[in-house]
Amino acid sequence: MEFTESSRFAGKAGAMKNLFLPDFTTDPASSDLPPASPSLLMAVTVLGTDGDDILTGTAMAETFRGGDGDDRIFGLEGDDTLWGQDGDDRMQGGIGNDRLNGGSGRDNLDGGDGDDLVAGGAGDDVLRGGAGNDRLYGGAGNDKVEGNRGDDRLYGQGGDDILSDSAGNNHLSGGAGNDVLRVGLGNDKLDGGTGDDMLYGFGGRDTLTGGAGADHFVFLTDGLTGTSEMIVNDFTHGEDTLALDPALGSATAALALFLANASQHGPSVVFEMPSTLLDAGASLTIRLRGIELDDLTVGDFLGGDDLIA
Numbered sequence: 001m002e003f004t005e006s007s008r009f010a011g012k013a014g015a016m017k018n019l020f021l022p023d024f025t026t027d028p029a030s031s032d033l034p035p036a037s038p039s040l041l042m043a044v045t046v047l048g049t050d051g052d053d054i055l056t057g058t059a060m061a062e063t064f065r066g067g068d069g070d071d072r073i074f075g076l077e078g079d080d081t082l083w084g085q086d087g088d089d090r091m092q093g094g095i096g097n098d099r100l101n102g103g104s105g106r107d108n109l110d111g112g113d114g115d116d117l118v119a120g121g122a123g124d125d126v127l128r129g130g131a132g133n134d135r136l137y138g139g140a141g142n143d144k145v146e147g148n149r150g151d152d153r154l155y156g157q158g159g160d161d162i163l164s165d166s167a168g169n170n171h172l173s174g175g176a177g178n179d180v181l182r183v184g185l186g187n188d189k190l191d192g193g194t195g196d197d198m199l200y201g202f203g204g205r206d207t208l209t210g211g212a213g214a215d216h217f218v219f220l221t222d223g224l225t226g227t228s229e230m231i232v233n234d235f236t237h238g239e240d241t242l243a244l245d246p247a248l249g250s251a252t253a254a255l256a257l258f259l260a261n262a263s264q265h266g267p268s269v270v271f272e273m274p275s276t277l278l279d280a281g282a283s284l285t286i287r288l289r290g291i292e293l294d295d296l297t298v299g300d301f302l303g304g305d306d307l308i309a
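For the record, in the sequence shown the residue sitting at position 252 is 252 according to UniProt numbering, with numbers rising by one throughout.
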């Protein structure tokens, strides 16, 4: 990624402590200068040191490069670019459409409000999108990726990742590794990728694809409202498993419930969750594509006692 800047701040070796950039917007009541237009403000790049730096921005659009060390970088307002580089960094984009890249190390990245792009890089990272339509990339390592509010796209990439999002129409992709994917209310798409993944569908119209590996499809009912449809694209008999409700203590109980409430519809099996297991006014339909109802056995199900929270 290339940057163009007209002003640079750089520190010497060691640690740059509490660097706050001045706010170049002028107050007409206290200055003879006209108020500065954001389009006329100079672009600023701040370079950290080899130590543990604390860098804080302004309402301008700044670029921060933390360098080596365990840095803390706060973009505040503006469309900022934050590079942690080496070390275990903590970065917050703040308000604006920000770009955060943790680099190597165990980083903690928070995009804040706005449509952000957040990349963890190498290491076991924690990524949060905040409000807005965000794109989050875990990178190499066992990452925890949280989308929060908005229509987000979450990518675990390498490692055993945990991807979660709340309300919104989200797209979660685990990538390589044994991943956990969770969503809230909304029309979501979940793709486990390669590995033995656990995919949680909840509320709205979700499409779940396990990908290669022995995958678990979990459908929670506690707190479910309205009409919900869960579509499983690639359930594989004898390899993948279904978990219908934690209250069903055994796989045998889950199979019995499923067979009593499912039917064959062309190339798909359609299951209707009994209303007795749902809150008032809620309904849940689970559609398994490319499977025959007669093929399902107890080995295709998980009971609540087997379920990983």
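For every residue, glycine included, the Cβ atom is placed at its ideal position computed from N, Cα and C.
For a quick check, are the C-beta atoms of residue i and residue j less than 8 Å apart?
i	j	result
G179	G201	Here residue 179 is Asp; the residue named in the question, Gly, does not match the sequence. No, the pair does not count as a contact, with Cβ atoms beyond the cut-off.
I95	G114	yes
A243	L307	yes
D89	D116	no
residue 346	G139	Residue 346 falls outside the range modelled here, since the chain spans only 1 to 309, and no answer is possible.
Q264	L293	yes
G238	G211	no
D71	D53	yes
G84	G105	yes
D305	S250	yes
F74	G48	no
G184	D160	no
L224	D279	yes
D188	L172	yes
L154	N170	yes
I231	R182	no
Nearest to residue i by CA position, among the options, is which residue?
i	options	result
G174	M198, D86, N101 and A262	M198
R149	G138, G132, Q157 and A254	G132
S228	G213, T207, E239 and G238	T207
G177	L185, G158 and T241	G158
A256	V298, G204 and K189	V298
G186	G226, F235 and G93	G226
L296	G281, A282 and F271	F271
G213	M230, G203, F235 and N170	F235
F301	T252, T209 and D222	T252
Any idea what DSSP makes of residue i, helix, strand or coil?
i	result
L293	helix
G304	helix
G299	helix
L255	helix
T63	strand
L278	coil
A262	strand
G138	coil
L185	coil
M273	coil
L40	Residue placement at L40 cannot be trusted, given a pLDDT of 42 that sits under 50; what the coordinates show is reported in the next sentence. Helix at L40.
F202	coil
S268	strand
S166	coil
T209	strand
R149	coil
S250	coil
So is residue i in contact with chain D if we call contact Cβ pairs under 8 Å?
i	result
G174	The chain labelled as chain D is not found in the depicted structure, where only one protein chain is given.
Is there at least one non-hydrogen atom of the ligand FAD closer than 7 Å to the beta-carbon of residue i?
i	result
L307	Absence of the ligand FAD is noted for the structure shown, with no ligands found whatsoever.
Tell me the rounded alpha-carbon separation between residue i and residue j.
i	j	result
D86	L248	47 Å
R135	N101	12 Å
G303	A254	6 Å
residue 310	G78	Not covered by the structure: residue 310. The range shown for the chain is 1 to 309.
K144	L277	31 Å
D152	D245	27 Å
F217	D68	42 Å
G120	R205	29 Å
E62	T45	6 Å
D27	L76	With a pLDDT of only 43 at D27, under the threshold of 50, the placement of this residue in the model should not be trusted; the figure read from the coordinates follows. One C-alpha to the other measures close to 19 Å.
T209	D240	11 Å
G141	R99	20 Å
L55	G130	21 Å
R128	I291	37 Å
F64	G203	40 Å
R289	L109	38 Å
M91	D124	15 Å
S275	N97	44 Å
V118	L190	19 Å
G66	G147	24 Å
residue 352	A260	In the structure as shown, the chain begins at 1 and stops at 309. Residue 352 is therefore absent and cannot be evaluated.
Taking only runs that begin and end inside the region 214–247, name each unbroken beta strand (DSSP E) of 3 or more residues, in chain order.
-> 216–219, 227–232 and 241–243
Within the region 76–135, ranges of the beta strand (DSSP E) (whole runs, at least 3 residues) | 81–83, 90–92, 99–101, 108–110, 117–119 and 126–128
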